[in-house]
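What follows is a single structure, written as structure tokens, with notes after it.
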Amino acid sequence: MNDYLKSSNNIKESQLVCAAAGTGKTKVLVDRYLEILRSKEAGIEQIVAITFTEKAANEMKSRVRDDLNKNTLGLKYDEITKLVDKINTAPISTVHSFCGRLLHENLSLIDIDPLFRIVDEVEELVLRNDFTERFINERLRSNSADLLYLLEFADLSVVKNLLNVAWSKQSECLVCFNEISGKPVKGLVALFKDKHKKLTFNKLKEFFDHPIIRDSIRKIKMLPRVNSTDTLQKAFDVTIKADSLVQSGTIPDSLWNGALRDALNGRKRGNKNSWGDIIEEARNYHSELYIRWKEIKDDFIPFNAEIEISHIKLLKSYYALVSEFIESYRRELYISGLIDFGGLEIEAEKFLASRSDEARKYLSKFKHLLVDEFQDINPIQNRIIELIIELNPDIITFFVGDEKQSIYRFRGAEVEIFNRLRKQIKPLRLNQNFRSVEPLMHFYNWFFRYFLGEAEPELNFDVNYPVPIKPFFRGNLPYTPVEFLIVKEEDNEEQSNSIQDFSSIMAEVTFIVSRIAELHGELIVKIKDEELRAAKWKDMAILLRSRTHQALFELVLRKTGIPYYTTTGIGFYNRHEVQDVINFLRVLLNFHDEVSLVGTLRSPMFGISDITLLKLTTDNGLFDGLRKYFSGEKSIKDKVSEAERKQLDHFYEVYQKLDKTMVHLST
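Quick note on numbering: my numbering labels position 558 of the sequence shown as 551, and the sequence is numbered without any gaps.
Here is the structure:
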């Protein structure tokens, strides 16, 4: 019996399933649910299924309902009808909805308004912003020592933001507050020093254990030694010694005395006379080290006890204010009969953590607990699940997840929880992919096994790639499925690193956009087993690790005439037409804002070219040139074409109308 059948059919044992992307994770969850119903091991009301989103919960209900209507379980008609009727109220939901149900069914035992209403994230944010303003103002009027001390280091907007961050992670913040509130400063300094040492070592170990770094160091060791005064050789010697110390469990002194930073910062050229024909090879190895080091070098800060003492005082004030904020805001919500998602979890945990007879009785009615996307569980959700298992030891659990797909750490998810469970329970693995074709799967397996490694990770927050994924769809493609676009960098000793970095980024952007233009229209999009169609613009996507260089991509795409749209974390406000409107609003508020003025004039609303804007710009700036243009100064007007004069006049007409409206609105 393969792992898929074991996971769906073996319903009398608790199981953990590692399901890679595209391997049928949702299907195995539904199949197990249906198998429980078919075997009559439990009724619908006795199976708790927890999903990550409401959409996933509704999809699971829909799939179960469809399979029941098809009678794939071989049950009698009246049995099927009863099951279908119960699906809508089945405990298939997010963890928040499960907590809400738990609270509603135990209202007499919980100290909240029986008519409480759950507020969604948007409404809660509006309420919290209003409360935060009142909370801060009240503490300013009462000269709160904690708030005033924080304001010595940060302005009000930062303090407000910190309170909001604390609210989003309130359970963990209160734990931290309890940890430090009763401890003396000296003891906390020692604790922080120990944590600093561990974090520093783990970061260094992660760097030196990276497959690319390991490979580079191995090759460096095979190079013939040259003069020890050579800059490249010195860098190699320091790096190899540091690596050796890290592998033996020690943080090298070179990290703090500057030697390691000097060895890895910037590109080391070396002397061609010393290295001879292998100079480029040696430089390439160092370049690999430099590229990786550049990403983490700012993470290493020496421990300073005096600074930490001031940090501890700051933390004590911060946590005291946070504790007061959380307690006051939570009380205000409860008085109003409101509860947010975080509050649902806190109250549910509090009820279960009482370990009362009522809590045990409530949980005893459940026979199965199914949890989807377990890699994205956060600490309080995990504690709730652990309490369910503790108070109902007979419950059979089924957890599905994939540590490689944990992407919600910014919302409190901790992949460490999944990894710890993986060490306690031998996982079943779903490794047949139903989405990708064979050549792509070969590449994924090769790349990620090299990149993540196959060995069991030493750190709980690390992930590995232990089992290759098998393709369901076999067969070759008539084109290369994966391409590496390698931009050759030209080293120029006279240029600073920042200039060289920008040049390489610009070259990379241009290269990618050019390749997209080449692919457009080629027969590369698979629509049936053997049929291909021409690639359209909408078939292509550019994935960026951050928005840092997004503007460059947009610039080159526009210049190349390639239509595009952006989908990023800032969503609506990132759309060009919205940015154009925002720029115009800024101009209305301040005509001297030249950045917004340029953005407005260059936008499709007015379409003034960059060349014309340069012609209009005087020694005193664009504003001065526009002032002279609109006052009719001939020497300036003659610089603008007839077509663009109309556009500029149109801009001025719209500006004047809106400017009058702005004045009217402000009064």
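For every residue, glycine included, the Cβ atom is placed at its ideal position computed from N, Cα and C.
Everything numeric in this text was worked out from a predicted model, so none of it was measured.
Around the Cβ of Thr654, are there at least 16 other Cβ atoms within 10 angstroms (buried) or fewer (exposed)?
exposed
What separation, rounded to the nearest whole angstrom, lies between the Cα atoms of Ser357 and Val158?
36 Å
Output yes or no for whether 7 Å exceeds the beta carbon distance between Leu108 and Gly330.
yes
Between the C-alpha atoms of Arg127 and Lys191, what's the straight-line distance to the nearest angstrom?
One C-alpha to the other measures close to 41 Å.
From Gly259, Leu155, Tyr311, His89, pick the residue whose C-alpha is nearest to that of Ile43; which is it?
His89
DSSP-derived helix/strand/coil call for Lys69:
coil
Looking at the unbroken beta strand (DSSP E) that takes in Thr390, where does it start and where does it end?
389 to 394
Within its chain, find whatever has a CB closer than 8 Å to the CB of Val23; leave out the 5 residues flanking it on each side and keep chain order.
Met53, Arg56, Val57, Asp60
Going by alpha carbons, who is nearest to Ser137 out of Glu317, Val647, Phe194, Gly67?
Glu317
Nearest-angstrom Cα distance between Glu338 and Glu98?
Their Cα atoms are separated by approximately 15 Å.
Which value, in whole angstroms, describes the spacing of the CA atoms of Lys75 and His361?
Looking at the two C-alpha atoms, the distance is approximately 20 Å.
Sub-7 Å separation of Arg25 and Phe391 beta-carbons:
In terms of Cβ geometry, Arg25 and Phe391 form a close pair [threshold 7 Å].
Measure the alpha-carbon distance for Leu582 versus Ser624 and round it to whole angstroms.
Each residue's alpha carbon lies about 21 Å from the other.
Span separating the alpha-carbon of Leu478 from that of Phe504
8 Å
Using DSSP with H/G/I as helix, E/B as strand and the rest coil, what is Ile492?
Low local confidence applies: a pLDDT of 44 at Ile492 is under 50, so the model's placement there is unreliable, and no value is given.
Do you know how far the Cα of Arg376 is from the Cα of Ile382?
Rounded to whole angstroms, the separation of the alpha carbons of Arg376 and Ile382 is 10 Å.
Can you say whether Gln226 is buried or exposed, counting buried as having 16 or more other CB atoms within 10 angstroms of its CB?
buried
State the DSSP-derived secondary structure class of His89, mapped to helix, strand or coil.
helix
Examine the Cβ distances between the region 209 to 225 and the region 289 to 297 and report whether three or more of them are shorter than 8 Å.
As far as the Cβ criterion goes, the region 209 to 225 does not touch the region 289 to 297, which means the pair count is below three.
Take Phe91 as the anchor and find which of Val77, Leu345, Lys632 has the nearest alpha-carbon.
Leu345
Looking at the secondary structure, which residues open and close the alpha helix (DSSP H) in which Ile319 lies?
298 to 328
Classify Leu545 as helix, strand or coil using the three-state DSSP reduction.
helix
From the DSSP output, read off the bridge partner residues of Gly614.
Thr611
Please name the residue or residues paired with Lys11 in a DSSP beta bridge.
Note that residue 11 corresponds to Cys in the displayed sequence, not to Lys. Partner(s): Gly394, Arg422.
To the nearest angstrom, report how far apart Val364 and Leu102 are at their CA atoms.
26 Å
Roughly how many angstroms lie between the CA atoms of Phe577 and Leu590, to the nearest whole one?
7 Å
Which same chain residues end up closer than 6 Å to Ala12 when comparing Cβ atoms and leaving out the 5 residues on each side of it in sequence?
Lys18, Val393, Asp395, Leu423
Find the nearest neighbour of Ile373 within the set Ile509, Glu47, Glu342, Leu184, judged by alpha-carbon distance.
Out of Ile509, Glu47, Glu342, Leu184, Glu342 has the C-alpha closest to the C-alpha of Ile373.
From the DSSP secondary-structure annotation, give me the bridge partner or partners of His361.
Ile40, Ile389
Whose CA, out of Thr82, Gln8, Arg121, Lys639, lies closest to the CA of Ile601?
When each option's Cα is compared against that of Ile601, the closest is Lys639.
With DSSP as the reference, label Ile332 as helix, strand or coil.
strand
Per-residue DSSP class, three states only, for Ser429
strand
Quick one: grab the DSSP three-state call for Ala527.
strand
If you measure between the beta carbons of Val502 and Leu545, is that distance less than 7 Å?
In this structure, Leu545 lies closer than 7 Å to Val502 by Cβ.
Spell out a yes or no on whether the region 30 to 37 and the region 431 to 442 are touching, meaning 3 or more CB-CB pairs, one atom from each, closer than 8 Å.
Not touching, per the Cβ criterion.
Would the beta-carbon of Leu181 fall within 7 Å of that of Val239?
no
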